[in-house]
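Asker:
Protein chains: 2
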Amino acid sequence: MPQVSVKNKLVESAEDVFRRQGFNGASVQDITSAAGVPKGSFYNHFESKQALAVEIARRYARGANFAVLSGDGPALERLRGHFVAMVDRTRETGVEFGCLLGTFASESSSAGDQVRTAVREILEDWTEEVARTVREGQEAGEITSARPARTLAAFLIDSFEGATLRAKTIGDQSVVAEQLEIALDALRA
Amino acid sequence: MPQVSVKNKLVESAEDVFRRQGFNGASVQDITSAAGVPKGSFYNHFESKQALAVEIARRYARGANFAVLSGDGPALERLRGHFVAMVDRTRETGVEFGCLLGTFASESSSAGDQVRTAVREILEDWTEEVARTVREGQEAGEITSARPARTLAAFLIDSFEGATLRAKTIGDQSVVAEQLEIALDALRA
Numbered sequence: 001m002p003q004v005s006v007k008n009k010l011v012e013s014a015e016d017v018f019r020r021q022g023f024n025g026a027s028v029q030d031i032t033s034a035a036g037v038p039k040g041s042f043y044n045h046f047e048s049k050q051a052l053a054v055e056i057a058r059r060y061a062r063g064a065n066f067a068v069l070s071g072d073g074p075a076l077e078r079l080r081g082h083f084v085a086m087v088d089r090t091r092e093t094g095v096e097f098g099c100l101l102g103t104f105a106s107e108s109s110s111a112g113d114q115v116r117t118a119v120r121e122i123l124e125d126w127t128e129e130v131a132r133t134v135r136e137g138q139e140a141g142e143i144t145s146a147r148p149a150r151t152l153a154a155f156l157i158d159s160f161e162g163a164t165l166r167a168k169t170i171g172d173q174s175v176v177a178e179q180l181e182i183a184l185d186a187l188r189a
Numbered sequence: 001m002p003q004v005s006v007k008n009k010l011v012e013s014a015e016d017v018f019r020r021q022g023f024n025g026a027s028v029q030d031i032t033s034a035a036g037v038p039k040g041s042f043y044n045h046f047e048s049k050q051a052l053a054v055e056i057a058r059r060y061a062r063g064a065n066f067a068v069l070s071g072d073g074p075a076l077e078r079l080r081g082h083f084v085a086m087v088d089r090t091r092e093t094g095v096e097f098g099c100l101l102g103t104f105a106s107e108s109s110s111a112g113d114q115v116r117t118a119v120r121e122i123l124e125d126w127t128e129e130v131a132r133t134v135r136e137g138q139e140a141g142e143i144t145s146a147r148p149a150r151t152l153a154a155f156l157i158d159s160f161e162g163a164t165l166r167a168k169t170i171g172d173q174s175v176v177a178e179q180l181e182i183a184l185d186a187l188r189a
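So the protein sequences, as listed, match chains A and W.
Sequential numbering of the first sequence, starting at 1, is according to full-length UniProt numbering.
Sequential numbering of the second sequence, starting at 1, is according to full-length UniProt numbering.
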């Protein structure tokens, strides 16, 4: 089934093209070139660049380490493990390219409703996953902040995204790990 | 001097075009159209789209409310005032378009070295401005965190940028004010 193979090649290549060039900076031509497939084949598989970006964003989100969040041990350690895995992932794919979800979020005003809605939903789901662990930490008395678990979860994610944005501009990620510790401290404030 | 006037028109229009469309999503044609000047006139005033983006980023940075940071009163109140002014500014220019500096930071890997360097320098200067007030708060015993003032300042800025990124995707900025309070709490953790 060569059709499937072309689609797979597009998906495999597009994540890195979008990460390096952003949604607006990556053309369909850039994506088909990176995939080594004819430009004309793109629209046999995806309705639009937006539709591919939505698929790539969801795939990227599924690649996060959620297992550590629902594992054993103190909630704060599980939260740290989850975000350290995000930091490691961003380092492996290039500090200067940051987090793909953050990149799509930044471009959500110009990338169109389909992309904006997908990014919002992914962020909401991610926040809910993190909030579950925060809630467990609150119930165990380990997390002493009385703020809603969802608010604290959003705060952790957004601190990670903001620090990753700064790391992109300096090409050094050490700031992200440092700020993760401050953000975790805030849960006991 | 009509030359000056064309340049001014370009600068005045470009900020909003970049904010709405991002660096990669905004073409020179988009910028000259918004300015109501002939496309050909662009290169009489700017070497490149990059050069204009650098000027726009610096101009945007100068527009922040730094006066409140060095004013009177408790350091935490001054820090809150500074970031609330950033939140207000982002609301006035469109929540869905976020913070222009964050947008340029997100695109810094594809926008080229000139833009990346300018954004990094602006972020560093901003951090230094905020750190001065954090340091005063530490000296006054109002900020009890023993972490370096610069690290805490970067944390405040990055929390703002991360929350503003989320606000872009939901079109609602209330999350930013909420997270600002958590970030300020962390300074007393």
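Each residue gets a CB set at the ideal place from its N, CA and C atoms; glycine is no exception.
Here the structure is a predicted model, which is why all the values come from computation and not from measurement.
Spatial neighbours of L79/A within its chain, please: CB distance less than 6 Å, with the 5 preceding and 5 following residues excluded, ordered by chain position.
Answerer: T133
Asker: Tell me the DSSP secondary structure of N65/W in three-state form.
Answerer: coil
Asker: Mind listing the chain W neighbours of V119/A? Cutoff is C-beta to C-beta under 8 Å, in chain order.
Answerer: T169
Asker: Determine whether the Cβ of T90/A lies closer than 9 Å to any Cβ atom of chain W.
Answerer: no
Asker: Using a Cβ-Cβ cut-off of less than 7 Å, list which residues of the segment 8–39 of chain W approach chain A; keep chain order.
Answerer: R20, Q21, G22, N24 and G25
Asker: List, in order along the chain, the chain W residues whose C-beta lies closer than 8 Å to that of G98/A?
Answerer: S106 and S109
Asker: Report the CB separation of L165/A from E121/W in whole angstroms; it is logged as a contact under 8 Å.
Answerer: Between E121/W and L165/A the Cβ distance is about 15 Å, and since that is not below 8 Å, they are no contact.
Asker: Counting beta carbon pairs with one atom in the segment 82–98 of chain A and one in the segment 7–14 of chain A, are three or more of them shorter than 8 Å?
Answerer: Three or more Cβ pairs closer than 8 Å define a contact, and the segment 7–14 of chain A falls short of that threshold against the segment 82–98 of chain A.
Asker: Below 8 Å on the Cβ atoms is my contact criterion, and I expect V68/W with Q114/W to pass it. Report the Cβ-Cβ distance as a whole number of Å.
Answerer: Wrong, their Cβ atoms sit about 31 Å apart, outside the cutoff.
Asker: Looking at the C-beta of T133/A, does it have a partner C-beta in chain W at a distance below 9 Å?
Answerer: no
Asker: When the cut-off is 9 Å and only beta carbons count, does I56/A lie next to chain W?
Answerer: no
Asker: Am I right that D185/W and A154/A are in contact with their C-beta atoms under 8 Å? What's the rounded C-beta distance?
Answerer: The Cβ separation is near 15 Å, so there is no contact.
Asker: Name the chain W residues whose beta carbon is nearer than 7 Å to that of E178/A?
Answerer: The answer, in chain order, is T151.
Asker: Which parts of the segment 140–178 of chain A are runs of the beta strand (DSSP E), unbroken and 3 residues or longer, counting only runs that do not cross its ends?
Answerer: none
Asker: So the alpha helix (DSSP H) G88/A belongs to, where does it begin and stop?
Answerer: It is worth fixing the name first, because residue 88/A is Asp in this sequence and not Gly. Run containing D88/A: A75 to E92, per the alpha helix (DSSP H) assignment.
Asker: List, in chain order, every chain A residue whose beta-carbon is nearer than 7 Å to that of V175/W.
Answerer: The answer, in chain order, is A154.
Asker: Going by alpha carbons, who is nearest to R58/W out of E129/W, L101/W, T169/W and F97/W?
Answerer: For R58/W, the nearest C-alpha among the options comes from L101/W.
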